[in-house]
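Accompanying notes for the structure given below.
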Amino acid sequence: AQSVTQLDSHVSVSEGTPVLLRCNYSSSYSPSLFWYVQHPNKGLQLLLKYTSAATLVKGINGFEAEFKKSETSFHLTKPSAHMSDAAEYFCVVPYSGAGSYQLTFGKGTKLSVIP
Amino acid sequence: KAGVTQTPRYLIKTRGQQVTLSCSPISGHRSVSWYQQTPGQGLQFLFEYFSETQRNKGNFPGRFSGRQFSNSRSEMNVSTLELGDSALYLCASSLPGLARQDTQYFGPGTRLTVL
Numbered sequence: 368a369q370s371v372t373q374l375d376s377h378v379s380v381s382e383g384t385p386v387l388l389r390c391n392y393s394s395s396y397s398p399s400l401f402w403y404v405q406h407p408n409k410g411l412q413l414l415l416k417y418t419s420a421a422t423l424v425k426g427i428n429g430f431e432a433e434f435k436k437s438e439t440s441f442h443l444t445k446p447s448a449h450m451s452d453a454a455e456y457f458c459v460v461p462y463s464g465a466g467s468y469q470l471t472f473g474k475g476t477k478l479s480v481i482p
Numbered sequence: 004k005a006g007v008t009q010t011p012r013y014l015i016k017t018r019g020q021q022v023t024l025s026c027s028p029i030s031g032h033r034s035v036s037w038y039q040q041t042p043g044q045g046l047q048f049l050f051e052y053f054s055e056t057q058r059n060k061g062n063f064p065g066r067f068s069g070r071q072f073s074n075s076r077s078e079m080n081v082s083t084l085e086l087g088d089s090a091l092y093l094c095a096s097s098l099p100g101l102a103r104q105d106t107q108y109f110g111p112g113t114r115l116t117v118l
């Protein structure tokens, strides 16, 4: 079974400082991995996805993530936080098999940005 | 291209009632998935439909059901509502493939409150 663990339920940063949201995965094979963001009272938006091509993945709004197999990690980073980055972020592993497809979500990390 | 739309956006029901939620996928998308989001359990997969057939179902009681129409629109139904069914219900659509890197596009959700 595949799963993801988000190591922090809440992260608080000052505007203009770097963002690091941590995610570890558990899988018996090299997985695909996604990061989604959810702004208050909104649906989920895909930030970026890793699909076994380049290990450093660039996403929207200046976010990027690096797949590290040796550490089973897929941490999300951004060099400089903006107020608009305040949201909840989900690390996600997709599963396809036996004729079906579904996403398994981490518990989420709420990012607060202090002006 | 229009995104995933869900109706209604908000619903208030009482225990024991039933409810039907609707989802219109992105044009050309044939796979529709449903997720339940609660503060305690996070985001959990309910079921996935493709070409009017349920391909996969999450670990939810039989009170939760769904269907998909020939135009790919989907509905989910919850019968005999319980207080614990209060949640944000999210619909997602994707292209028909089963590849692990398929992107699911989410709607804004339906906020269900059970009193």
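If you're matching them up, the sequences are chains A and B in order. Read in order, the letters of the first sequence correspond to residues 368 to 482 in my numbering. Read in order, the letters of the second sequence correspond to residues 4 to 118 in my numbering. Using N, Cα and C, we set each Cβ at its ideal position, and we do this for glycine too.
{"query": "Nearest-angstrom Cα distance between Glu85(B) and Arg66(B)?", "result": "10 Å"}
{"query": "Using 8 Å as the Cβ pair cut-off and three pairs as the minimum, do the segment 88-98 of chain B and the segment 30-42 of chain B touch?", "result": "yes"}
{"query": "Looking at Cys390(A) and Val371(A), is the spacing between their C-beta atoms short of 8 Å?", "result": "yes"}
{"query": "For the 8 Å Cβ check, are there 3 or more pairs between the segment 417-432 of chain A and the segment 18-32 of chain B?", "result": "no"}
{"query": "Flag this pair as yes or no: are the beta carbons of Phe441(A) and Tyr403(A) separated by less than 8 Å?", "result": "no"}
{"query": "Within 10 Å of its beta-carbon, does Phe72(B) have 16 or more other beta-carbons around it, so buried, or fewer, so exposed?", "result": "exposed"}
{"query": "Check each candidate in Leu388(A), Gly383(A) and Gln405(A) and name the one with the smallest Cα separation from Phe109(B).", "result": "Gln405(A)"}
{"query": "Just the Cα atoms here: how many angstroms apart are Lys474(A) and Thr10(B)?", "result": "26 Å"}
{"query": "Does any CB atom of chain B fall closer than 8 Å to the CB of Pro446(A)?", "result": "no"}
{"query": "Quick one: any contact between the segment 441-456 of chain A and the segment 36-45 of chain B, if contact means 3 or more CB pairs under 8 Å?", "result": "no"}
{"query": "Report the residue from Phe472(A), Pro407(A) and Met450(A) whose alpha carbon sits nearest the alpha carbon of Thr384(A).", "result": "Met450(A)"}
{"query": "Against Leu467(A), what residues of chain B qualify as contacts under a CB-to-CB distance less than 7 Å, listed in chain order?", "result": "The residue asked about is misnamed: residue 467(A) is Ser in this sequence, not Leu. Result: Glu51, Arg58 and Asn59."}
{"query": "Using CA atoms only, rank isn't needed, just tell me which of Ser82(B), Phe63(B), Pro111(B) and Pro64(B) is closest to Gly6(B).", "result": "Pro111(B)"}
{"query": "Using a Cβ-Cβ distance under 8 Å, would Thr139(B) count as near chain A?", "result": "As displayed, chain B neither begins before 4 nor continues past 118, which places residue 139(B) out of reach and without an answer."}
{"query": "May I ask you to list the residues that DSSP assigns as paired with Pro461(A)?", "result": "Leu470(A)"}
{"query": "Counting only beta-carbon atoms, is Phe48(B) nearer than 8 Å to chain A?", "result": "yes"}
{"query": "Taking C-beta to C-beta, are Ile15(B) and Leu91(B) nearer than 8 Å?", "result": "no"}
{"query": "I'd like to check one pair, Gln373(A) with Thr476(A): are the Cβ atoms closer than 8 Å?", "result": "yes"}
{"query": "I'd like to check one pair, Lys416(A) with Ser393(A): are the Cβ atoms closer than 8 Å?", "result": "no"}
{"query": "Give me, in chain order, the residues of the same chain whose beta-carbon lies closer than 6 Å to that of Asn80(B); leave out the 5 immediate sequence neighbours on both sides.", "result": "Thr23 and Ser68"}
{"query": "Give me the Cα-Cα distance between Leu93(B) and Ser447(A), rounded to the nearest whole angstrom.", "result": "30 Å"}
{"query": "Quick one: which unbroken alpha helix (DSSP H) runs of 4-plus residues sit fully inside the segment 384-436 of chain A? Chain order, please.", "result": "none"}
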